[in-house]
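Residue numbers (this note's numbering): 30 to 228.
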Amino acid sequence: MAKTDLTRQQKEVLGILADNPQGADVRQIIQSLQAPPHKRTVQRWLTALVVEGHISIVGKGRATLYRLSADQHDKLITPTDDKAREDYERYIPISREGREIMAYVRQSRTGRTPVGYERGFLSDYIPGKTNYLDDSLRAHLYHIGETEKQKHPAGTYGRAILSRLLIDLSWASSRLEGNTYSRLDTERLIALGQYAEGR
30 MAKTDLTRQQ
40 KEVLGILADN
50 PQGADVRQII
60 QSLQAPPHKR
70 TVQRWLTALV
80 VEGHISIVGK
90 GRATLYRLSA
100 DQHDKLITPT
110 DDKAREDYER
120 YIPISREGRE
130 IMAYVRQSRT
140 GRTPVGYERG
150 FLSDYIPGKT
160 NYLDDSLRAH
170 LYHIGETEKQ
180 KHPAGTYGRA
190 ILSRLLIDLS
200 WASSRLEGNT
210 YSRLDTERLI
220 ALGQYAEGR
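#1: Could you tell me the distance, in whole angstroms, from the CA atom of H74 to the CA atom of P65?
#2: Using the three-state DSSP reduction, which class does R96 fall into: helix, strand or coil?
#3: Pull up the distance between the alpha-carbon of T36 and that of E81, whole angstroms please.
#4: Let me know the secondary structure DSSP gives V87 once reduced to three states.
#5: Could you check what DSSP says for T107 in three-state terms: helix, strand or coil?
#6: Taking all protein chains shown into account, do 16 or more other C-beta atoms lie within 10 angstroms of the C-beta of Y161, making it buried, or fewer, making it exposed?
#7: Keeping to the same chain, check which residues put their C-beta closer than 7 Å to that of D48; ignore five residues upstream and five downstream.
#8: Which residues does DSSP list as the beta-bridge partners of A53?
#9: In angstroms with no decimal places, state the Cα-to-Cα distance between R222 and I196.
#10: Compare the beta carbon distance of A253 and D214 with 8 Å and say whether it is the shorter of the two.
#11: With DSSP collapsed to three states, give me the class of D214.
#12: Helix, strand or coil for E226 per DSSP?
#13: Can you tell me whether DSSP reads D197 as helix, strand or coil?
#14: Nearest-angstrom Cα distance between V144 and V87?
#15: For the alpha helix (DSSP H) containing I130, list its first residue and its last residue.
#16: How big is the Cα-Cα spacing for P108 and S61?
#17: Buried or exposed: where does L46 fall if 16 or more other Cβ atoms within 10 Å of its Cβ makes it buried?
#18: Among G149, R56, R125, A99, whose alpha-carbon lies nearest the alpha-carbon of A92?
#19: For a test of the three-state rule: what should DSSP assign to I155, helix, strand or coil?
#20: Consult DSSP for G186 and reduce its assignment to one of helix, strand or coil.
#21: Please classify E175: is it buried, with 16 or more other beta-carbons within 10 angstroms of its beta-carbon, or exposed?
Written out as structure tokens, the structure is:
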């Protein structure tokens, strides 16, 4: 069957599936669309894409997932035209060596020379003793990876998360019980022991 030109909506669906390589169900696709139409309309788009071989179906019934077909995946994930490559490289500057590696990796598998790996490289590694990077590079990576949070005592971030979780859990629990506490009221109750007036 000859493949017809894709509509803007079908291209949008293919883009959504490219972002979800594990697959997506109809509900997820509808939620990701910019202007979601009726569910039945999306199902018609999906059926047309399946018939033309752009996507495949995995599962049945409510567990049905839609995934990109292998050739469509390669087209969408790997920029094929020069303009797309230029845009990509403008967005993320790539060194000459990086461009050479990308060009090599973009080749089909049959165009690349198969290589194995050196088992000793992995088995000779001793955590905390063996270093694959030199000292200056490790110091540089450590420096650029430092964050402001590391200057605080250990557990500071964990305590902040825990107190936020306690407030959210208490607020949700009070809502289930029928109380009308706001999040701010709940926070004041936990942090300061202040009961909200008239609640």
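Virtual Cβ for every residue (Gly too), placed ideally from N, Cα, C.
On a predicted model such as this, the values are computed, not experimentally measured, just so you know.
Taking the geometry as given:
#1: The sequence shown places Trp at residue 74, rather than the His named in the question. Between W74 and P65, the C-alpha separation is close to 12 Å.
#2: strand
#3: 13 Å
#4: strand
#5: In this predicted model, T107 has a pLDDT of only 49, less than 50, meaning its place in the structure is not dependable; the value taken from the coordinates is given anyway. Note: T107 maps to coil in three-state DSSP.
#6: exposed
#7: none
#8: Bridge partners of A53 according to DSSP: Y95.
#9: The sequence given here has Gly at residue 222, not Arg. The straight-line gap from Cα to Cα measures roughly 13 Å.
#10: Limits of the chain in this structure are 30 at one end and 228 at the other, which puts residue 253 out of reach.
#11: helix
#12: coil
#13: Assignment of D197 by DSSP, reduced to helix, strand and coil, places it in the helix class.
#14: 33 Å
#15: 125–135
#16: Per-residue confidence for P108 stands at a pLDDT of 48, beneath the threshold of 50, marking its modelled position as unreliable; no derived number is given.
#17: buried
#18: R56
#19: coil
#20: Before going on, a small fix: residue 186 reads as Tyr here, not Gly. Helix at Y186.
#21: With fewer than 16 Cβ atoms within 10 Å of its Cβ, E175 is classed as exposed.
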